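Count the sequence shown with this note's numbering and you get residues 14 to 380, in order.
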Amino acid sequence: MGKQTGLYARHRAAGAKLVDFGGWDMPLHYGSQIDEHHAVRQRAGVFDVSHMTVVDISGAGSRAWLRYLLANDVDRLQSQGKGLYSCMLNPAGGVVDDLIVYWQGDEDYRMVVNAATRDADLQWMESSVKDYTVNLRERADLAMLAVQGPQAREAAAAFLPGEIGDAALALGAFESLERDGIFIARTGYTGEDGWEILLEQSAAERMWDQLLQAGVQPCGLGARDTLRLEAGLNLYGQDMTMNTSPLESNLGWTIAWDPADRDFIGRFALAEQRASGVGRQLKGLLLDGRGVMRAGQAVRTNSGEGQITSGGFSPTMQRSIALARLPADAAGHCEVQIRDKFVPAHIVKVPFVRNGQIKTDIHKPIE
């Protein structure tokens, strides 16, 4: 038996199919992964993401350390509560993990990293913090709910105490607030609007029950994966790894090159890669023939071979989509090896779906 979140008993009572995910027993679905996917795209769904690792960062050296640790620059956070997405890199420019960090005022920050990489992330952070006056506090005491979908914020606001709901409804993208022990951020991993909410376990159980009673759909890891794939969002361990850089993973936009004198782990390697040219990049694929694309399948392009990193069936588009690491100049049509045959596909720009709508130009191949 793996680790369990505080909502484990509720998942079992709701009939969830439980699977191992990074050492945690987590719900894959509650009966229909496709119904859960559509609920998030069309209305509202709630995910238990309490397995995610939350680290509070404080101390006089916090800002300086984060500017060294992360490829993105926390100096871009100009207002309290604002967050940014970044990668932690190794000296070779490979991705140790991707994360979100929020500035909570003064030298206080909150970081949310992936569950499956918890041990490696904490070890990496501890090893790099030695020369800085920084305190790291893992917040295993907090539960985390992700309420996602076009009606998600309004649905959740009704169950927040006092005036917190009104304040949270005013948050912009990647903004957060913390009041009365409840932390709310307008972030997510589905390509839809919504909140990620950190709160004490008893409060999380109460909110989970209230949301379900109000008709919000409980959702599992299966829908979370198809939603993020449609949104063109990377999954660590597949679309980016210790052996791939942000430049190879469609994450060049997360690198803060300016100011030029800011040193960060992996900067030299990334600068060399940028100067010499990136040989492979992460791109989207739409399957034109029959079948379903899966991670690990080979791709033949006009510029050489590549490989699918994430793939599956898109419930919104009713066809197979994928992310693939391909030669940087690959464009137009390609072929994907599904079992013993090559099936036609074409290379497109991600995301496939934005705010519940299929992109109007998604069927046009990159030329």
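Where a beta carbon is used, it is the ideal one built from N, C-alpha and C, also for glycine.
Treat the numbers as computed from the prediction; the structure is a model and nothing was measured.
(1) Would you tell me roughly how many angstroms separate the C-alpha atoms of methionine 330 and alanine 358, rounded to the nearest one?
(2) Count the CB pairs spanning the segment 264 to 282 and the segment 353 to 367 that are closer than 8 Å, and state whether there are at least three.
(3) Pop quiz: leucine 264 and methionine 253 are said to be a contact at Cβ under 8 Å. What is the actual Cβ separation, rounded to whole angstroms?
(4) What are the partner residues of tyrosine 122, as DSSP defines its beta bridges?
(5) Under 8 Å, do alanine 335 and serine 316 count as touching if we go by C-beta distance?
(6) Using only CA atoms, which one of Ala153, Ala227, Trp137 lies nearest to phenylalanine 172?
(7) With DSSP as the reference, label valine 160 as helix, strand or coil.
(8) What does the Cβ neighbour count give for proline 104, buried or exposed, with the cut at 16 atoms within 10 Å?
(9) Let me know if arginine 199 comes out buried or exposed under the rule of 16 or more other beta-carbons within 10 Å of its beta-carbon.
(10) Cα-Cα, which of Arg275, Glu348, Arg338, Trp266 is closest to glycine 302?
(11) Between glutamine 251 and glycine 35, what straight-line distance do the alpha-carbon atoms span, to the nearest angstrom?
(12) Do glutamine 320 and alanine 337 have their C-beta atoms closer together than 8 Å?
(13) Rounded C-beta distance between isoleucine 371 and asparagine 85? I'm assuming under 8 Å.
(14) Please state the DSSP three-state secondary structure of methionine 138.
(15) Between glutamine 223 and the rest of its own chain, which residues show a CB-CB distance below 6 Å, the 5 nearest in sequence each way excluded?
(16) Quick check: the Cα distance between methionine 138 and aspartate 193, rounded to an integer number of angstroms?
(17) With a cut-off of 8 Å on the beta carbons, I'd call valine 59 and cysteine 232 a contact; round off their distance for me.
(18) Hey, how far is the Cα of alanine 217 from the Cα of histidine 346?
(19) Could you tell me the boundaries of the alpha helix (DSSP H) in which isoleucine 47 lies?
(20) Give a yes or no on whether the C-beta atoms belonging to glycine 245 and threonine 146 are separated by under 8 Å.
(21) One question on the structure: do threonine 18 and serine 92 come within less than 8 Å of each other, judged by their Cβ atoms?
(22) Beta-carbon within less than 8 Å of arginine 25's beta-carbon, same chain only, minus the 5 sequence neighbours each way: which residues are those?
(23) Return the residue from the list Ala27, Lys95, Ala156, Glu176 that minimises the CA-CA distance to methionine 65.
(24) Pick helix, strand or coil for aspartate 132, following the three-state DSSP scheme.
(25) Name the two residues that bound the continuous beta strand (DSSP E) containing arginine 332.
(26) Measure the CB-CB distance between leucine 190 and valine 68 and report whether it falls below 8 Å.
(27) Using the Cα positions of leucine 212 and isoleucine 197, report the straight-line distance between them to the nearest angstrom.
(28) When the Cα atoms are used, what is the spatial distance from methionine 220 to valine 160?
(29) Measuring CA to CA, which of Val53, Glu151, Gln55 is closest to valine 125?
(30) What residue range is occupied by the uninterrupted beta strand (DSSP E) comprising leucine 234?
(31) Do the CB positions of glutamate 49 and arginine 76 come within less than 8 Å of each other?
(32) Label glycine 201 either buried or exposed according to how many other C-beta atoms from any shown protein chain fall within 10 Å of its C-beta, with 16 as the threshold for buried.
(33) Identify, in the order they occur along the chain, each residue of the same chain with its Cβ nearer than 8 Å to the Cβ of glycine 309, setting aside the five sequence neighbours on each side.
(34) Could you round the C-beta distance between lysine 362 and glycine 297 to whole angstroms and report it? I think they count as a contact, below 8 Å.
(35) Threshold first: 3 residues or longer. Then list the beta strand (DSSP E) segments lying entirely within the segment 269 to 340, N to C.
(36) Is alanine 29 helix, strand or coil when you go by DSSP?
On the basis of the data shown:
(1) Residue 330 sits at position 317 when you count from the first residue of the sequence shown. Residue 358 sits at position 345 when you count from the first residue of the sequence shown. So the alpha carbons of these two residues sit roughly 15 Å apart.
(2) no
(3) In the sequence shown, residue 264 corresponds to position 251, counting from 1. In the sequence shown, residue 253 corresponds to position 240, counting from 1. Sure, about 7 Å apart at Cβ, within 8 Å.
(4) Counting from one through the sequence shown, the residue named residue 122 turns up at place 109. Per DSSP, Ile70, Trp116.
(5) Mapped onto the sequence shown, residue 335 falls at position 322. Mapped onto the sequence shown, residue 316 falls at position 303. Against a cut-off of 8 Å, the Cβ pair of serine 316 and alanine 335 comes out as no contact.
(6) The residue you call residue 172 lines up with position 159 of the sequence shown. Minimum Cα-Cα distance from phenylalanine 172 among the listed residues Ala153, Ala227, Trp137 corresponds to Ala227.
(7) Translated into positions along the sequence shown, residue 160 becomes position 147. Here valine 160 sits in strand by DSSP.
(8) Taking the sequence shown and counting its residues from 1, the one referred to as residue 104 is at position 91. The residue is exposed, with fewer than 16 neighbouring Cβ atoms inside 10 Å.
(9) One-based indexing of the sequence shown puts residue 199 at position 186. Arginine 199 is buried by the Cβ-count criterion.
(10) Residue mapping note: residue 302 aligns to position 289 of the sequence shown, counting from 1. The shortest C-alpha separation from glycine 302 is found at Glu348.
(11) Here residue 251 corresponds to residue number 238 of the sequence shown, with the count starting at 1. Here residue 35 corresponds to residue number 22 of the sequence shown, with the count starting at 1. The alpha-carbon atoms of glutamine 251 and glycine 35 are separated by roughly 14 Å.
(12) Reading the sequence shown from its first residue, position 307 is the one you call residue 320. Reading the sequence shown from its first residue, position 324 is the one you call residue 337. Yes, they are a contact pair.
(13) The residue you call residue 371 lines up with position 358 of the sequence shown. The residue you call residue 85 lines up with position 72 of the sequence shown. In fact, because the Cβ distance is near 30 Å, the residues do not count as touching under 8 Å.
(14) Within the sequence shown, numbered from 1, the residue matching residue 138 stands at position 125. Helix.
(15) Residue numbering aside, residue 223 sits at position 210 when the sequence shown is read from its first letter. Answer for glutamine 223: Phe172, listed in chain order.
(16) Position 125 of the sequence shown, counting from 1, holds the residue named residue 138. Position 180 of the sequence shown, counting from 1, holds the residue named residue 193. Going from the Cα of methionine 138 to the Cα of aspartate 193 covers about 29 Å.
(17) As a first step, residue 59 must be located in the sequence shown, where it is residue number 46. As a first step, residue 232 must be located in the sequence shown, where it is residue number 219. Contact holds; Cβ gap of about 7 Å.
(18) Along the sequence shown, one-based indexing puts residue 217 at 204. Along the sequence shown, one-based indexing puts residue 346 at 333. One C-alpha to the other measures close to 48 Å.
(19) Residue 47 sits at position 34 when you count from the first residue of the sequence shown. Residues 46 to 55.
(20) For the purposes of this step, residue 245 is taken as residue 232 along the sequence shown, with counting starting at 1. For the purposes of this step, residue 146 is taken as residue 133 along the sequence shown, with counting starting at 1. No. Outside cutoff.
(21) Residue mapping note: residue 18 aligns to position 5 of the sequence shown, counting from 1. Residue mapping note: residue 92 aligns to position 79 of the sequence shown, counting from 1. Cβ atoms of threonine 18 and serine 92: not closer than 8 Å.
(22) Here the question's residue 25 lines up with position 12 in the sequence shown. Excluding residues within five positions, the ones whose Cβ falls inside 8 Å are Leu31.
(23) Sequence index remark: in the sequence shown, residue 65 carries index 52 (1-based). Ranking the options by Cα distance to methionine 65, first place goes to Ala156.
(24) Counting from 1 along the sequence shown, the entry for residue 132 is found at position 119. Aspartate 132 falls in the helix class under three-state DSSP.
(25) Within the sequence shown, the letter at position 319 stands for residue 332. Note, arginine 332: beta strand (DSSP E), 332 to 340.
(26) Here residue 190 refers to the residue found at position 177 when the sequence shown is read from its first residue. Here residue 68 refers to the residue found at position 55 when the sequence shown is read from its first residue. Taking 8 Å as the Cβ cut-off, leucine 190 and valine 68 do not qualify as a contacting pair.
(27) Start at 1 with the first residue of the sequence shown, and residue 212 comes out as number 199. Start at 1 with the first residue of the sequence shown, and residue 197 comes out as number 184. C-alpha separation (whole angstroms): 9 Å.
(28) The sequence position of residue 220 within the sequence shown is 207, counting from 1. The sequence position of residue 160 within the sequence shown is 147, counting from 1. C-alpha separation (whole angstroms): 11 Å.
(29) Counting from 1 along the sequence shown, the entry for residue 125 is found at position 112. Of the listed residues, the one whose Cα sits closest to valine 125 is Glu151.
(30) The count along the sequence shown starts at 1 and reaches residue 234 at position 221. Segment 234 to 243 is the alpha helix (DSSP H) holding leucine 234; no beta strand (DSSP E) there.
(31) For the purposes of this step, residue 49 is identified with residue 36 of the sequence shown, where counting begins at 1. For the purposes of this step, residue 76 is identified with residue 63 of the sequence shown, where counting begins at 1. In this structure, arginine 76 does not lie closer than 8 Å to glutamate 49 by Cβ.
(32) Sequence index remark: in the sequence shown, residue 201 carries index 188 (1-based). It counts as buried.
(33) Counting from one through the sequence shown, the residue named residue 309 turns up at place 296. If we look at glycine 309 and ignore the five residues flanking it on each side, its Cβ neighbours are Gln320, Ile321.
(34) Start at 1 with the first residue of the sequence shown, and residue 362 comes out as number 349. Start at 1 with the first residue of the sequence shown, and residue 297 comes out as number 284. Confirmed, about 6 Å.
(35) 293 to 300, 311 to 314, 317 to 327, 332 to 340
(36) Sequence index remark: in the sequence shown, residue 29 carries index 16 (1-based). Here alanine 29 sits in coil by DSSP.
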